[in-house]
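S.K.:
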Amino acid sequence: MRGIWRVIGILTDPFAEWARIEHEPGDPVALLIGTVAPLALVPAVCGFLGACIIGVVAPGKGEVRAPILDGLAAAFFSYVASFAVVLLLGLVIAIAAPLFGGRRNFARALNLAVYSMMPLWLAGVFMLLPGLRFLMLSGFYGVYILIAGLPFMTKTPQQNLLGFAALIVAFACALTFIAMSAQSTLFGGA
Numbered sequence: 069m070r071g072i073w074r075v076i077g078i079l080t081d082p083f084a085e086w087a088r089i090e091h092e093p094g095d096p097v098a099l100l101i102g103t104v105a106p107l108a109l110v111p112a113v114c115g116f117l118g119a120c121i122i123g124v125v126a127p128g129k130g131e132v133r134a135p136i137l138d139g140l141a142a143a144f145f146s147y148v149a150s151f152a153v154v155l156l157l158g159l160v161i162a163i164a165a166p167l168f169g170g171r172r173n174f175a176r177a178l179n180l181a182v183y184s185m186m187p188l189w190l191a192g193v194f195m196l197l198p199g200l201r202f203l204m205l206s207g208f209y210g211v212y213i214l215i216a217g218l219p220f221m222t223k224t225p226q227q228n229l230l231g232f233a234a235l236i237v238a239f240a241c242a243l244t245f246i247a248m249s250a251q252s253t254l255f256g257g258a
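If you want this note's numbering, it's the 1-based position in the sequence shown plus 68.
Quick look at the structure:
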């Protein structure tokens, strides 16, 4: 139940929620199990249902559905890739923090990576229906959450926030693109 309140808090009032998170010890394993594990299921499951069960309308082909086994493999790959992306992003944040006047702390950097990715995972529900997939862009709300959390989690000075945030967003986009490209290459339309 606490996790649900954390999701609501970070989405509705990120500054207040980051102030609360700042005073928590920050256990990476608990964060991965309690937050990433359930939230990363949203795009994986919705992507599977949208591609394999509901299907998409392809011009000239009618309604097309991905094979179930390909869809399951793609969903599993997507789920595991979410963990890899967030761990790598946390590592990048921890390594780059001193370059922008912040403090290096992997547990805090992982918090920042996980909660900043939360809107993207929740927007995964729009993968159910092909006509709504453009709403995945609402995942960019995570950039605001990231900027709100940088001073709390890395102690980055105000004048360096936008530069540091731009670096993190660029890495997050690159990692996500690499994961999506790998999934597309390995499993096709699934």
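Note that CB positions come from ideal geometry on N, CA and C, so glycine has one too. In this text the structure is predicted, and so the values were computed from the model without any measurement.
Pick helix, strand or coil for Glu92, following the three-state DSSP scheme.
M.R.: Of the three classes helix, strand and coil, the one that applies to Glu92 here is coil, per DSSP.
S.K.: Give me whichever residues DSSP pairs with Gly130 in a beta bridge.
M.R.: DSSP, once it has assigned bridges, lists Ala126 as partnering Gly130.
S.K.: Considering only the alpha carbon of each residue, which of Pro93, Gly256, Leu107 lies closest to Gly71?
M.R.: Out of Pro93, Gly256, Leu107, Leu107 has the C-alpha closest to the C-alpha of Gly71.
S.K.: Please name the residue in Asn173, Phe168, Gly192 whose C-alpha comes closest to that of Ala162.
M.R.: The shortest Cα separation from Ala162 among Asn173, Phe168, Gly192 belongs to Asn173.
S.K.: At 4 residues or longer, and completely inside the region 152–192: list those alpha helix (DSSP H) runs for me, N to C.
M.R.: List check, alpha helix (DSSP H) in window: 174–191.
S.K.: If you follow the alpha helix (DSSP H) that Pro106 is in, where does it begin and where does it stop?
M.R.: Note, Pro106: alpha helix (DSSP H), 105–116.
S.K.: Label Ile136 either buried or exposed according to how many other C-beta atoms from any shown protein chain fall within 10 Å of its C-beta, with 16 as the threshold for buried.
M.R.: Answer is exposed; the Cβ neighbour count stays below 16.
S.K.: Are there three or more Cβ pairs, one per stretch, closer than 8 Å when the region 122–129 is compared with the region 89–96?
M.R.: Result no; under three Cβ-Cβ pairs closer than 8 Å.
S.K.: Are the CB atoms of Gln251 and Ser146 nearer to each other than 8 Å?
M.R.: Going by C-beta atoms, Gln251 is nearer than 8 Å to Ser146.
S.K.: Please confirm whether Leu156 and Leu218 have their CB atoms less than 8 Å apart.
M.R.: Not in contact: Leu156 and Leu218 (Cβ atoms no closer than 8 Å).
S.K.: Pick helix, strand or coil for Gly256, following the three-state DSSP scheme.
M.R.: Coil, per DSSP.
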